[in-house]
Ligand SMILES: [Zn+2]
């Protein structure tokens, strides 16, 4: 929206000031949306949108192609149908289709009503789901918007199916009417997932901030109470990293959780809320669900406000690529389990297992030698919810920026603690990022004033350590470069050992095997494995190993296990052309590693190790 249109809208208001006294001035140009659900059992929603004060010229109505926090394309127009634009006289207007993602109204008056239906049946952090139990709305999948009106406020009315008593849980701004809400601009609306259903809402406050946990599930009220008590511990523990909560614009932060048998597992961060979905229940999967809570809540600082410049503002019409997801997602992946440990909701073993997942991804995945953490981050548009139908070699060329970045965070935290004798930690770095990039307020709600680049992230490390050389080397080696930190050395001061999980056990490749006509390699073996080096690849059918016939997938493991690392075995196989071949390969030691506490190996934890560990992952408060 340009300045001329804004002025025109205000001028009209002067004429009807007597009528508008009750409302803020801007609301006369607000885009009005009305959501109703005539047949929830058939999973569609009816949307009516009213645009006013339109300038002459084509009105370009768009369905988003992407969704804030998700980096691949989802092309939400695919589920939209029965689209009509109606003029003030009630007559339908001509619509054109300039591309698959939009409808254009070439000629219209200053007021226009849009009607359409949209289908949705996936409960997660990206899509729309409508059924008789609720409407679970991610806005990019639900709302058609008009180009050029980004700064107009929006007014939303939710109409429950008849006979239901549905309530709204959302980061949208409340009004005096319980089913009507507003958003200050389009960016904010698109970032505001909304659960419209019969769920329960628990509220608690910390430091004068209000937190709401809205839960749609099949469990008991006691389960909810105990669970929300743990959520509160995590919310407190994460505050300690930054020293304060952000100001939550609508007056509260809202967790929207759907733990339902028909939900997909997901977690999606937003500025003042998060959506957390799972087919698991509190009683069967408490730790896993809390882990998602800890991850997503940490995002209300890291990514929602400490935000990569490449993601600000989020472009709804294309895939959004950022080389900083190792920090935005990876550091969050580290702080989730760390905060759970500090909150006292998990034990040491659960924490070290979480850290081991990070370390293992970096140490064992061959992808590190072909792409840096920065380059892995730029793969997000392909891997984050994307579904190629062709084969990729990602198992050997890609490592998720979640564990990769998490391992970098672990390494940086331990490095700082050791180097500065506990006086400086990763928490100080995150606080520095918060002060410079997250905290400064933007004039428009939902936008970020000082998003960061990778150069900024390095500069902040130089500032917090007072050592630009150290910061430069760390980024050159582990973020722009492809080196792996020395995790064993870094973990030692905490009394943690990084050691082989299966010492002395022979290993040939570790790829998945399937039974087809014979025993077939289902995937390409790991590029660092004996099988790969010997030339075996996906589709090869194993006939015999070391002279022993192979009839079932388990046969392979049991034959290999009879050997020692360093021994040479012959593998007879048939390739995809039907040609029989024999290769020899040299077995290696199983590379799987695990992090274990020294005291669990019979050795004793020193006082210095105990102090280091307590300051790092020890329970707070
Ligand atoms: Zn995340």
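In the numbering used here, the protein residues as written are 177 to 797. Each residue gets a CB set at the ideal place from its N, CA and C atoms; glycine is no exception.
For residue 604, the secondary structure class from DSSP, reduced to helix, strand or coil, is helix.
Within the model, the alpha-carbon separation for residue 495 versus residue 365 is close to 19 Å. When DSSP states are grouped into helix, strand and coil, residue 330 belongs to the strand group.
Where residue 293 is concerned, the enclosing beta strand (DSSP E) starts and stops at 288–295.
If you draw a straight line from the Cα of residue 420 to the Cα of residue 407, it comes to about 17 Å.
The residue among 384, 472, 350 and 325 with its C-alpha nearest the C-alpha of residue 334 is 350. With a cutoff of 6 Å, residue 453 does not count as near ligand 1, since its C-beta is closer than that to no heavy atom of the ligand. Selection 272, 253, 252 and 283 evaluated against residue 264 yields 283 as nearest (Cα-Cα). The Cβ neighbour count for residue 413, taken over all protein chains shown within 10 Å, is at least 16; the residue is labelled buried.
A direct Cα-Cα distance of roughly 8 Å separates residue 434 from residue 300. Taking a 10 Å sphere around the C-beta of residue 292, we find 16 or more other C-beta atoms and assign the residue as buried. Within its own chain, the residues whose Cβ lies closer than 6 Å to the Cβ of residue 747, once the five positions on either side in sequence are excluded, are 721 and 759, listed in chain order. Classified as buried, residue 530 has 16 or more neighbouring CB atoms from the shown chains inside 10 Å of its CB. In this structure, residue 450 has its beta carbon at no less than 6 Å from each heavy atom of ligand 1.
DSSP, reduced to helix, strand and coil, places residue 452 within a strand of the structure shown.
Minimum Cα-Cα distance from residue 243 among the listed residues 439, 493, 452 and 699 corresponds to 493. DSSP places residue 313 inside the beta strand (DSSP E), whose first and last residues are 310–313. In terms of Cβ geometry, residue 454 and residue 441 form a close pair [threshold 7 Å]. Residue 451 is positioned such that its CB atom lies closer than 7 Å to that of residue 432.
Residue environment for residue 644: exposed (fewer than 16 other C-beta atoms within 10 angstroms of its C-beta).
Between residue 568 and the set 543, 592 and 585, the nearest pair of CA atoms involves 543. As the crow flies, the alpha-carbon of residue 596 is around 32 Å from that of residue 767. According to the DSSP assignment, residue 592 belongs to the alpha helix (DSSP H) that extends over 577–595.
Each residue's CA atom was taken as its position, placing residue 647 and residue 634 some 6 Å apart. If you check the C-beta of residue 480 against ligand 1, you find no heavy atom less than 6 Å away. Residue 248 and residue 490 do not touch by the CB rule: their CB atoms are close to 13 Å apart, not below 8 Å. For residue 321, the pairing in a beta bridge is given by DSSP as 238.
The residue from 733, 501 and 708 with its alpha-carbon nearest to that of residue 761 is 708. Put simply, of 321, 341, 401 and 338 the residue whose alpha carbon is nearest the alpha carbon of residue 332 is 321. Annotation for residue 505 indicates a beta carbon within 6 Å of some heavy atom of ligand 1. According to the DSSP assignment, residue 487 belongs to no beta strand (DSSP E), since it is labelled neither H nor E. The continuous stretches of beta strand (DSSP E) do not include residue 573, which lies in the alpha helix (DSSP H) extending over residues 570–573. Rounded to the nearest angstrom, the Cβ distance from residue 392 to residue 297 is 15 Å, too far for a contact under 8 Å.
Straight-line spacing of the CA atoms in residue 270 and residue 475 works out to 44 Å. Assigned with DSSP and collapsed to three states, residue 780 falls in coil, not helix or strand. Not one heavy atom of ligand 1 is found less than 6 Å from the C-beta of residue 468.
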